[in-house]
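Residue numbers (my numbering): 592 to 958.
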């Protein structure tokens, strides 16, 4: 009797599972590739770039039909529901590649939409998240816009360490510190480009970082990776250094008055990749190149600190985490005033950039 009961329960469970399945054919879905979100006092406006597989010609040949869909609503959930109703098909985000937030979203409140996107069961945390220079509809809805190309552009910038953040997970992680940096997607003469970043205080856009300030943020966070550093030489020449490796260490202590002092120690190994317009050789200029490189990195870091910490009180460098780690009693004592104390803190920078691996020697020493 027991085997029959077990078999009956198994069959019942299978039936229940099958009944819960919401199976739809691909042609009954709008498969979203790019999602643009704008906002006004009346609510949210969505611009969706999608493709729908359709039959074409003779036999079983298939083509992908690209299209655009717009909808609005008081909430994002309502806007998505209205998009499905107007199109007559389910809007599916499981294959979405890029999310673009319009500047209007960042200026009003970016926290709520980012939180919604993070909890949406069809959106993956590794999805590309960018900030439009203007309206997201102008980018996602552009005839020349292609989600795959924008995704490739962002991933290339991320892998080559030319931008910080860039994914939904990065945004959610940064929001925990109270500050957020979103790469800016602009329309250039020959297509889209990523240039600079929007600085948010956790909810609203407060400032914009230039490309050089973004580079400074990368140095301070130890995320510079294998990149190029261009130096202007006193004799009018130009030297291009390739950063082979780098690391950043951060500590914090207090002065006699209880003020915070953050110590950043940045070390980088580099190689001369190009030297033009100078009559001197790279070995002859080794010490001078080292000095110029260290001054260039120092300048980039100072600009980044001035714009983020000192001007806007933005903690993109986990300064609060450092205080709680190295000075737990201090962090507890000044818990309520810690943000302002960090904004008015002193930052000491120690830079070491050694161009000891010259030319082809760099490749040999890296092996």
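All residues carry an ideal CB built from backbone N, CA and C; glycine is no exception.
Opening and closing residue of the beta strand (DSSP E) in which residue i lies
{"i": "residue 684", "result": "Looking at the DSSP string, residue 684 is not in any beta strand (DSSP E), and its letter there is neither H nor E."}
{"i": "residue 792", "result": "Per DSSP, residue 792 belongs to no beta strand (DSSP E) and is neither H nor E."}
{"i": "residue 583", "result": "Here the chain comprises residues numbered 592 to 958, so residue 583 is not present and cannot be evaluated."}
{"i": "residue 623", "result": "620 to 631"}
{"i": "residue 862", "result": "851 to 867"}
{"i": "residue 724", "result": "Per DSSP, residue 724 belongs to no beta strand (DSSP E) and is neither H nor E."}
{"i": "residue 819", "result": "819 to 823"}
{"i": "residue 900", "result": "Run containing residue 900: none; DSSP gives neither H nor E here."}
{"i": "residue 777", "result": "771 to 779"}
{"i": "residue 907", "result": "Here residue 907 belongs to no beta strand (DSSP E), and DSSP marks it neither H nor E."}
{"i": "residue 939", "result": "937 to 945"}
Distance CB(residue i)-CB(residue j) smaller than 8 Å
{"i": "residue 906", "j": "residue 758", "result": "no"}
{"i": "residue 721", "j": "residue 763", "result": "no"}
{"i": "residue 795", "j": "residue 665", "result": "no"}
{"i": "residue 621", "j": "residue 682", "result": "yes"}
{"i": "residue 917", "j": "residue 842", "result": "yes"}
{"i": "residue 785", "j": "residue 748", "result": "yes"}
{"i": "residue 798", "j": "residue 903", "result": "yes"}
{"i": "residue 667", "j": "residue 704", "result": "yes"}
{"i": "residue 876", "j": "residue 900", "result": "no"}
{"i": "residue 778", "j": "residue 687", "result": "no"}
{"i": "residue 959", "j": "residue 741", "result": "There is no way to answer for residue 959, as the model of the chain reaches only from 592 to 958."}
Rounded distance between the beta-carbons of residue j and residue i, thought under 8 Å
{"i": "residue 852", "j": "residue 858", "result": "Contact flag wrong, Cβ pair sits at about 20 Å."}
{"i": "residue 847", "j": "residue 731", "result": "Their Cβ separation, rounded to whole angstroms, is 55 Å, which puts residue 847 and residue 731 out of contact at 8 Å."}
{"i": "residue 755", "j": "residue 805", "result": "6 Å"}
{"i": "residue 800", "j": "residue 791", "result": "Actually they do not touch by this definition, with Cβ atoms about 11 Å apart."}
{"i": "residue 832", "j": "residue 946", "result": "6 Å"}
{"i": "residue 884", "j": "residue 822", "result": "6 Å"}
Assigned exposure category for residue i - 16 Cβ within 10 Å defines buried
{"i": "residue 829", "result": "exposed"}
{"i": "residue 774", "result": "buried"}
{"i": "residue 743", "result": "exposed"}
{"i": "residue 937", "result": "exposed"}
{"i": "residue 772", "result": "buried"}
{"i": "residue 641", "result": "buried"}
{"i": "residue 632", "result": "exposed"}
{"i": "residue 944", "result": "buried"}
{"i": "residue 939", "result": "exposed"}
{"i": "residue 714", "result": "buried"}
{"i": "residue 941", "result": "exposed"}
{"i": "residue 612", "result": "Here residue 612 scores only 41 on pLDDT, less than 50, and its place in the model is too uncertain to base an answer on."}
{"i": "residue 724", "result": "buried"}
{"i": "residue 745", "result": "buried"}
{"i": "residue 676", "result": "exposed"}
{"i": "residue 770", "result": "buried"}
Run of the alpha helix (DSSP H) containing residue i, from where it starts to where it stops
{"i": "residue 750", "result": "738 to 750"}
{"i": "residue 885", "result": "877 to 896"}
{"i": "residue 923", "result": "919 to 924"}
{"i": "residue 928", "result": "It is not in any alpha helix (DSSP H) - residue 928 carries neither H nor E in the DSSP assignment."}
{"i": "residue 731", "result": "727 to 731"}
{"i": "residue 713", "result": "Note, residue 713: premise wrong, no alpha helix (DSSP H); not H, not E."}
{"i": "residue 766", "result": "759 to 766"}
Any non-hydrogen atom of the ligand GTP within 7 Å of residue i CB
{"i": "residue 624", "result": "What this structure holds is no ligand at all, so the ligand GTP is not there to describe."}
For the segment 810 to 827 against the segment 887 to 894, are there 3 or more C-beta pairs whose distance is under 8 Å?
Pairwise C-beta distances place the segment 810 to 827 in contact with the segment 887 to 894, as three or more of them are shorter than 8 Å.
Evaluate the contact criterion for the segment 866 to 880 versus the segment 895 to 903: three or more CB pairs, one atom per stretch, below 8 Å.
No contact exists between the segment 866 to 880 and the segment 895 to 903.
Could you check whether the segment 684 to 695 touches the segment 617 to 636, counting it as contact only if at least three pairs of C-beta atoms, one from each stretch, sit closer than 8 Å?
Put simply, the segment 684 to 695 touches the segment 617 to 636. At least three CB pairs are less than 8 Å apart.
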